[in-house]
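J.:
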Amino acid sequence: MTPEVALQKRQQMIRDGFCVINNILTNAFMQELQDESERFLANHVQPNHTRYHGHHILVAGKDNTLVQKLLEWPAALNALEEMGFGDFPVAKGITILTKDPGAPPLYWHQDWYYWNDPISCAPWPQDIFMKYYLTDTTPENGCLKVIPRTHRKRIDLHDKLLHASKLGNVIKPGSESKEKYSVMFGDHPDQVDVCVEAGSLVMRDARLLHSARKNHTDRRRTMLLVWIRRPSTIPDYWNDEIPEPVLNRDENKDYPSTTIPNEFLT
Numbered sequence: 000m001t002p003e004v005a006l007q008k009r010q011q012m013i014r015d016g017f018c019v020i021n022n023i024l025t026n027a028f029m030q031e032l033q034d035e036s037e038r039f040l041a042n043h044v045q046p047n048h049t050r051y052h053g054h055h056i057l058v059a060g061k062d063n064t065l066v067q068k069l070l071e072w073p074a075a076l077n078a079l080e081e082m083g084f085g086d087f088p089v090a091k092g093i094t095i096l097t098k099d100p101g102a103p104p105l106y107w108h109q110d111w112y113y114w115n116d117p118i119s120c121a122p123w124p125q126d127i128f129m130k131y132y133l134t135d136t137t138p139e140n141g142c143l144k145v146i147p148r149t150h151r152k153r154i155d156l157h158d159k160l161l162h163a164s165k166l167g168n169v170i171k172p173g174s175e176s177k178e179k180y181s182v183m184f185g186d187h188p189d190q191v192d193v194c195v196e197a198g199s200l201v202m203r204d205a206r207l208l209h210s211a212r213k214n215h216t217d218r219r220r221t222m223l224l225v226w227i228r229r230p231s232t233i234p235d236y237w238n239d240e241i242p243e244p245v246l247n248r249d250e251n252k253d254y255p256s257t258t259i260p261n262e263f264l265t
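Following numbering that gives the first Met the number 0, the numbering of the sequence shown begins with 0 at its first residue and continues without gaps.
1) Return the CA-CA distance between Gly85 and Lys179, expressed in angstroms with no decimal places.
2) Work out the CA separation of Asp186 and His55 for me, nearest whole Å.
3) Of the residues Val44, Val19, Leu96 and Ala5, which one's Cα is nearest the Cα of Ser36?
4) Do Met222 and Tyr132 have their CB atoms nearer than 7 Å?
5) Which residue or residues does DSSP assign as beta-bridge partners of Met0?
6) Which residues in the same chain as Tyr236 place their Cβ atom closer than 7 Å to its Cβ, once the five residues preceding and following it in sequence are excluded?
7) Select from Leu160, Ala90 and Asn22 the residue whose C-alpha is nearest the C-alpha of Leu224.
8) Nearest by alpha-carbon distance to Thr265: which of Pro242, Asp249 and Lys252 is it?
9) How far does the beta strand (DSSP E) with Lys144 in it reach, from first residue to last?
10) Indicate whether the contact test is met: 3 or more Cβ pairs, each with one atom in the region 74 to 83 and one in the region 36 to 49, closer than 8 Å.
11) What separation, rounded to the nearest whole angstrom, lies between the Cα atoms of Gln11 and Pro230?
12) For Asp204, count neighbouring Cβ atoms within 10 angstroms of its own Cβ and tell me buried if that reaches 16, exposed if not.
13) Are the CB atoms of Ala197 and Thr134 nearer to each other than 7 Å?
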């Protein structure tokens, strides 16, 4: 990645909340990961509560050499370093996520659990979801959908979504076709389909609103998720304005976790 491209990718992460890096995996390593994923999936019974996420299998790097190889994959670590994200520690494991043939869409949500913490309004990414796709993704096979800039900008959808304990009824079978949950599963005028080729890496800010389409095909769509989190400090590359809540943040305070956006999302 050239310095110019690295800067563009970082700027896109800061501005839009996501970016794509193509061809991050070699074909040979991708095939190894595909075979290993299928080995795990062959004996896995998907619980009902993950029907919208698909198969959801956690694998620690210490227990699997291929997973550890992915966590330390040089091309990915180099990309992070070149983008200025070298202060994100190497993760401990991955999550195998799938969209099986005919699997329903995933509802709109974001994955930030720290909205009570003033670091929530940081202009830079604190938590990044690294998504390694082992198959091409299209609107037909359940590609990722995102609403750019919603990691830092509140929109109407933020105040309509159900969170945490209120998701109980949403995850029941058939919810995607019920009118009362249409806002959770429907399209949004500002959404973008993130269609990528196998071997690509999608980087997403944890605060970004996202979902996934239904898989209308007869083939499984597999993705390996790595979640990384940097220290709650100001990045070395940052030379723009810093929000006052971040400057005044008490680093010794214990902020209760919550997935519900508050005054730190404006």
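Glycine included, C-beta positions come from ideal geometry on N, C-alpha and C. Since the structure is predicted, the reported quantities are computational estimates derived from the model, not experimental observations.
T.: Walking through what the data contain:
1) By 1-based counting over the sequence shown, the position of residue 85 is 86. By 1-based counting over the sequence shown, the position of residue 179 is 180. In a straight line, the C-alpha of Gly85 is about 43 Å away from that of Lys179.
2) Here residue 55 refers to the residue found at position 56 when the sequence shown is read from its first residue. Here residue 186 refers to the residue found at position 187 when the sequence shown is read from its first residue. Their backbone Cα atoms lie some 24 Å apart in a straight line.
3) For the purposes of this step, residue 36 is identified with residue 37 of the sequence shown, where counting begins at 1. Nearest of Val44, Val19, Leu96 and Ala5 to Ser36, Cα basis: Leu96.
4) Within the sequence shown, residue 222 is the residue found at index 223, counting from 1. Within the sequence shown, residue 132 is the residue found at index 133, counting from 1. Tyr132 is positioned such that its CB atom lies closer than 7 Å to that of Met222.
5) By one-based count along the sequence shown, residue 0 stands at place 1. Paired residue(s): none; Met0 is not in a bridge.
6) The residue you call residue 236 lines up with position 237 of the sequence shown. Gly83, listed in sequence order.
7) Along the sequence shown, read from residue 1 onward, the residue named residue 224 stands at position 225. Checking every option, the nearest Cα to that of Leu224 belongs to Ala90.
8) Position 266 of the sequence shown holds residue 265. Minimum Cα distance to Thr265 is reached at Pro242.
9) For the purposes of this step, residue 144 is identified with residue 145 of the sequence shown, where counting begins at 1. Start and end: Leu143 to Val145.
10) Contact between the region 74 to 83 and the region 36 to 49 is absent, because fewer than three Cβ pairs lie under 8 Å.
11) Stepping through the sequence shown from its first residue, residue 11 is reached at position 12. Stepping through the sequence shown from its first residue, residue 230 is reached at position 231. Roughly 21 Å separates the two Cα atoms.
12) If you number the sequence shown from 1, residue 204 lands on position 205. Buried is the call here.
13) Looking up residue 197 in the sequence shown gives position 198. Looking up residue 134 in the sequence shown gives position 135. Yes, these two residues count as a Cβ contact at 7 Å.
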